[in-house]
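So the structure is just underneath, and the comments pick up after that.
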Amino acid sequence: MPELPEVETIVRDLQKQLKRAEIRQVTVVRPDLISGSPAEFKKRIEGCTVGGVTRRAKNIVFDLGEDRLVINLGMTGRVTVLDRDAEDPPYLGVSFELTDHRRITYQDVRRFGHLEVLARDDWNQRSEKMGVEPLSDGFTGDTVFRLSRKRRVAVKPWLMDQKHIVGVGNIYASEALFRAGISPLVAAGRLTKKRADALATAVREVLREAIEFRGTTLLDYRDARGEKGEFSRRLRVYDREGQPCVVCGTPIKRIVQSGRSTFYCPHCQK
DNA sequence: AACGCGCCCTGTCCGC
DNA sequence: TGCGGACAGGGCGCGT
15 MPELPEVETI VRDLQKQLKR AEIRQVTVVR PDLISGSPAE FKKRIEGCTV GGVTRRAKNI
75 VFDLGEDRLV INLGMTGRVT VLDRDAEDPP YLGVSFELTD HRRITYQDVR RFGHLEVLAR
135 DDWNQRSEKM GVEPLSDGFT GDTVFRLSRK RRVAVKPWLM DQKHIVGVGN IYASEALFRA
195 GISPLVAAGR LTKKRADALA TAVREVLREA IEFRGTTLLD YRDARGEKGE FSRRLRVYDR
255 EGQPCVVCGT PIKRIVQSGR STFYCPHCQK
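According to our numbering, the first sequence is numbered sequentially starting from 15.
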């Protein structure tokens, strides 16, 4: 569900809302969502002050001092800051009661999400092994060109593979390829340098715009205030099968690649 | 090593 | 109306 823009939106909300927030008590409602035992999870978080909230790939990272609380939202995870007295939201997985009048809740219908506490160094090590951040200075057409060499897989699933570039999921992969005029079916390794440049630009632009509009809500996504994202209406191909291409009017096609839907314009994307 | 696929789980929608 | 199948922003582990 949430890709880079949605996670980034949530993180920015949380940064503002949780300045120096202190966590008093943790309640694990669904132990299958966390790594390790609920007792250990509680022990390592209770009493900690949130020093900051950042994003790495599609993960929300809470700075707890020595430890990091890392949340991956899976498909339907939500992190919301509520009044402490507000009733439990549906599909509540974990609740973090703060020392002020609020609490942070994690809800997840499908429970593909994941919460984990780990030591700062362990997290840093893991983070170093992840793919490149597409909004970082280090991400250019050269990056795309270099990483895609000799890859025979189609560029769309390649773009979604977090080993190379992080944060791009099913929606923004289709959207970026449309903007770059590249067919989702071409082999990643066959991209010319020029097309790699265009793709890098398209990825950066679509992610930036989506953040500006607070992400895409198809169904489940909500930001940390419980609001939907506004980028949905600006999608050019995703979920638009049969509708006219915004550029040329050709009906948008839907195909399945690696088990995921891909949407594209067969006329504009070659 | 790289890649495709099934699976995790619950809800919704569509066709028959 | 009811039911089965397909599908949904992700990611892991398996086999080839």
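Cβ atoms here follow ideal geometry from the backbone N, Cα and C, with glycine treated the same way.
Q: Taking R116 and R98 to be in contact with their CB atoms under 8 angstroms, please state how far apart those CB atoms are, rounded to whole angstroms.
A: 6 angstroms
Q | CA-to-CA distance, S109 to D102, given in whole angstroms | A | 9 angstroms
Q. In this structure, does DSSP put I196 in helix, strand or coil?
A. coil
(Q) Assuming F110 is part of the beta strand (DSSP E), what are its boundary residues? (A) L106 to L112
(Q) Using CA atoms only, rank isn't needed, just tell me which of R228, A201, F227 and E189 is closest to A4. (A) Residue coverage of the chain in this structure runs from 15 to 284, which leaves residue 4 outside it and unanswerable.
Q) In chain order, what residues of the same chain have a beta carbon less than 8 angstroms from the beta carbon of R10, not counting five sequence neighbours either side? A) In the structure displayed, the chain extends from 15 to 284; residue 10 sits before or after that span and is not available.
Q: Taking A214 as the reference, give the member of S150, V42 and L249 with the closest Cα.
A: S150
Q) Roughly how many whole angstroms lie between the Cα atoms of G107 and R239? A) 17 angstroms
Q: Can you tell me which of the three DSSP states A133 falls into?
A: Note: A133 maps to strand in three-state DSSP.
(Q) Would you call the region 222-232 in contact with the region 248-264, where contact means no fewer than 3 C-beta pairs closer than 8 angstroms? (A) yes
Q.
Does Q121 pass the burial test, meaning 16 or more other C-beta atoms within 10 Å, or should it be called exposed?
A. Counting Cβ neighbours within 10 Å, Q121 comes out buried, since at least 16 surround it.
Q: Kindly indicate which three-state DSSP category P258 falls into: helix, strand or coil?
A: strand
Q: Please say whether K267 and P280 have beta carbons closer to each other than 8 angstroms?
A: yes
Q: Please go through the same chain and pick out, in chain order, the residues whose beta-carbon is closer than 7 angstroms to the beta-carbon of T157, but skip the five residues on each side of it.
A: V146 and A214
Q) Of all the alpha helix (DSSP H) runs that stay within the bounds of the region 147-173, which reach a length of 4 or more residues? A) If we require 4 residues or more, the alpha helix (DSSP H) runs fully inside the region 147-173 come out as 155-162.
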